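Same order as they appear, the protein sequences are chains W and E.
Going by the numbering used here, the letters in the first sequence line up with residues -8 to 306, in that order.
Going by the numbering used here, the letters in the second sequence line up with residues -8 to 306, in that order.
We put the beta carbon where it would ideally sit given N, CA and C, even for glycine.
Note that the structure is a prediction, hence the values are computed from the model and not measured.
Notes follow the structure.
Protein chains: 2
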Amino acid sequence: MNLEEAIIATDQAMLDIVESDVPVLQEASEHIISAGGKRVRPRILFLAYQSVGGIDLERAVPVAAAIELVHTATLVHDDINDHGKVRRGRTTVNEKWGRTFALLTGDYLFTKVYSLMAPYGDLNVSFAEATVALVEGETLQAAAVKNNTLNREIYQQIVAKKTASLFRAGAMLGAQLADAEQPYVDALGEYGFFLGLAFQIVDDLLDIVGDSTLMGKEVGVDVGQGKGVTLAYDAGNGHSGESIGVVVAELDDVDGGDPFQAIKRKLIEGGAIEEGRRMAEALIVQANQALDRLPPGPAVDGLRDLAAFVLERQA
Amino acid sequence: MNLEEAIIATDQAMLDIVESDVPVLQEASEHIISAGGKRVRPRILFLAYQSVGGIDLERAVPVAAAIELVHTATLVHDDINDHGKVRRGRTTVNEKWGRTFALLTGDYLFTKVYSLMAPYGDLNVSFAEATVALVEGETLQAAAVKNNTLNREIYQQIVAKKTASLFRAGAMLGAQLADAEQPYVDALGEYGFFLGLAFQIVDDLLDIVGDSTLMGKEVGVDVGQGKGVTLAYDAGNGHSGESIGVVVAELDDVDGGDPFQAIKRKLIEGGAIEEGRRMAEALIVQANQALDRLPPGPAVDGLRDLAAFVLERQA
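Here it is in structure tokens:
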């Protein structure tokens, strides 16, 4: 089984585990799973597994499926809170089945993560930690938006918790599944962490300057809700520490009253997008440096390619 | 550590595990946990543990906390879907912190269940199964209400999944923590299952005839939403298989246009409440019969007392 076969097997494992005699749960789960996605977290896990000598990718498939399913569960719940209408080029579960079933589908996916992870003993500890951090990150974000306190420092906490923690766990779990020694587990965890930070920053930049057709979702949603953009805006305009709500209010009268267009123009003109990209690039350098502590080989090369992809992706 | 000390320790374990540097998650979690509740599921687990020779109740505390926390997580999410305003005599998380934070608090509690269960290896398998069934039961209920298809058969499926599965798991986990032999694990599982069915039926009856002050929540909420009452109504009126929506529509013109009062009067006059109670009593007999397969002792007596309490409780 090669990497692409393992990714296909991961998708199949997710589809298999969500089978249910309750039709709406199975249908809504299949809807979001089969919409695809980049499967970045499973890729990290598989490559980390191989990079420390793991041979049988099939062994790692259930854990890869679990980590992607955690991510998927949070997407379903995010779309409730954000009123997102399109995700991965499809109608969101919330839009198609309504809030009650979206909430229950997210819960269902969470419980299925348990089912997948149940046989994996100690691996559950770091898995659980990452999942807790993820929800904490989402909550920090919601609180910062609500209280209008989002600034660069809080943004970094949010990104670390909501995205980097699960990337880190994926890399570490891959290593642990191959019974890697602790220094290798730690190096891969560091790689995952920095990669996750860069990934989320790029994601937030794409929310501003991305193409909605390529993205498979609406752009500007996060900006409109006061999320994501802060880091980039701060960087370009010296507003560090100032809340995005203030910024949106300031901009509300220009660009035909469309705050998204106004922010976008300001961010581009002020060089903030460029600055955000430079931060992401610096983080990718750090991710790659962590890989220097591993024995070289094709899987480590694969992890470097993945890091390059995270930076270069247009969607 | 005796049973009451173990219950106190369970509450403390729940409070300890929800500590977070994200204030709203900790506050909202503490709000619902410290509101109390009957702690029926932990009691079942502890008594099952003791009934097969378990000595050190402290060993069972984290698992008891996990099972109560799963239940608590679903309450928080239920109150979003049901727009419940009062729970356990307190404002609901949804009412106090709003939907976004209620959703995230429920998710947070789910992730903390993972954390608590992570060290327990194989026990996670039956735990995960019960949690999946719980969400399936909630979903069946929501689907039946939405599609106006709630009838006696579907009601029984719902009750089995959303309540009896977790009661069953609690009893089995208690036995497994004491390394009980399989026939004892099975007998306790059966006890838990029948007890759970009876518990939910009594709960639904109390939603109709209960005292809202004693209950610590609004009564009639489930009836108003077309849930719960079906079994009792069917029993008293021969409407078996007819959906509750039809019944509510029929009754809408009497009792001053208040369908809850109308249904309540009809149910009492038609003997449906009495019939529901007889069903619950029969299930409690079955629960107690399962206990006959265990070595007699004070913990088995405690399980019988718990069964009697489930039937007799007024709130």
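query: Using the C-alpha atoms, what's the distance from residue 44 of chain E back to residue 77 of chain W?; result: 55 Å
query: Output yes or no for whether 8 Å exceeds the beta carbon distance between residue 150 of chain W and residue 196 of chain W.; result: no
query: Mind checking whether residue -8 of chain E and residue 60 of chain E have CB atoms under 8 Å apart?; result: no
query: Output yes or no for whether 8 Å exceeds the beta carbon distance between residue 153 of chain W and residue 186 of chain W.; result: no
query: Using alpha carbons as the reference points, say which of W/121, W/266, W/132, W/26 lies closest to residue 58 of chain W.; result: W/121
query: Helix, strand or coil for residue 65 of chain E? Go by DSSP, reduced to three states.; result: helix
query: Measuring straight from C-alpha to C-alpha, what distance separates residue 11 of chain W and residue 17 of chain W?; result: 6 Å
query: Compute the beta-carbon to beta-carbon distance between residue 36 of chain W and residue 55 of chain W, rounded to the nearest angstrom, for a pair I have assumed lies under 8 Å.; result: 5 Å
query: Need the endpoints of the alpha helix (DSSP H) that residue 138 of chain W sits in, please.; result: Element bounds for residue 138 of chain W: n/a, residue is neither H nor E.
query: Let me confirm a value: residue 85 of chain W is counted as buried when at least 16 other C-beta atoms fall within 10 Å, else exposed. Which label applies?; result: buried
query: Between E/130, E/157, E/161, which lies nearest to residue 146 of chain E when the distance is taken from Cα to Cα?; result: E/130
query: Along chain W, in chain order, which residues have C-beta atoms closer than 8 Å to that of residue 99 of chain E?; result: 123, 126, 127, 130
query: Residues of chain W with CB under 7 Å from residue 103 of chain E, in chain order?; result: 123
query: Could you pull out every residue in the same chain whose Cβ sits closer than 8 Å to the Cβ of residue 114 of chain W, ignoring the five residues on either side in sequence?; result: 54, 108, 164, 167, 168
query: Going by C-alpha to C-alpha distance, which of W/82, W/177, W/158 sits closest to residue 184 of chain W?; result: W/158
query: Tell me the residue span of the alpha helix (DSSP H) that contains residue 46 of chain E.; result: Where residue 46 of chain E is concerned, there is no enclosing alpha helix (DSSP H), given that its DSSP letter is neither H nor E.
query: Enumerate in chain order the residues of its own chain whose CB-to-CB distance from residue 101 of chain W is below 6 Å, with the five nearest sequence positions on each side excluded.; result: 64
query: When you compare only the Cα positions, how much space is there between residue -4 of chain E and residue 93 of chain W?; result: 39 Å
query: Below 8 Å between beta carbons: does that hold for residue 72 of chain W and residue 91 of chain E?; result: yes
query: At a CB-CB cut-off below 9 Å, which residues of chain E make contact with residue 13 of chain W?; result: 126, 127, 128, 130, 131, 134, 152
query: Given a threshold of 16 other Cβ atoms within 10 Å of its Cβ, counted over all protein chains shown, does residue 33 of chain E qualify as buried or as exposed?; result: buried
query: Consult DSSP for residue 81 of chain W and reduce its assignment to one of helix, strand or coil.; result: strand
query: Would you kindly work out how many angstroms separate the C-alpha atoms of residue 286 of chain E and residue 22 of chain E, rounded to a whole number?; result: 40 Å
query: Decide if residue 25 of chain W is buried, meaning its Cβ has at least 16 other Cβ atoms within 10 Å, or exposed.; result: exposed
query: Report the three-state DSSP secondary structure of residue 147 of chain E (helix, strand or coil).; result: helix
query: Smallest Cα separation from residue 69 of chain E: which of E/95, E/156, E/-1?; result: E/95
query: Which of the three DSSP states is assigned to residue 87 of chain W in this structure?; result: helix
query: Can you tell me whether residue 46 of chain E is buried or exposed? The criterion is at least 16 other CB atoms within 10 Å of its CB, across all chains shown.; result: exposed
query: Would you say residue 279 of chain E lies against chain W (beta-carbon separation less than 8 Å)?; result: no
query: Would you mind sorting residue -1 of chain W into buried or exposed? The rule is 16 or more other CB atoms within 10 Å of its CB.; result: exposed
query: Counting C-beta neighbours from all protein chains within 10 Å, is the total for residue 119 of chain W 16 or more, i.e. buried, or is it exposed?; result: buried
query: How long is the line joining the alpha carbons of residue 295 of chain W and residue 279 of chain W, rounded to whole angstroms?; result: 6 Å
query: Any beta carbon from chain W within less than 8 Å of residue 187 of chain E's own beta carbon?; result: no
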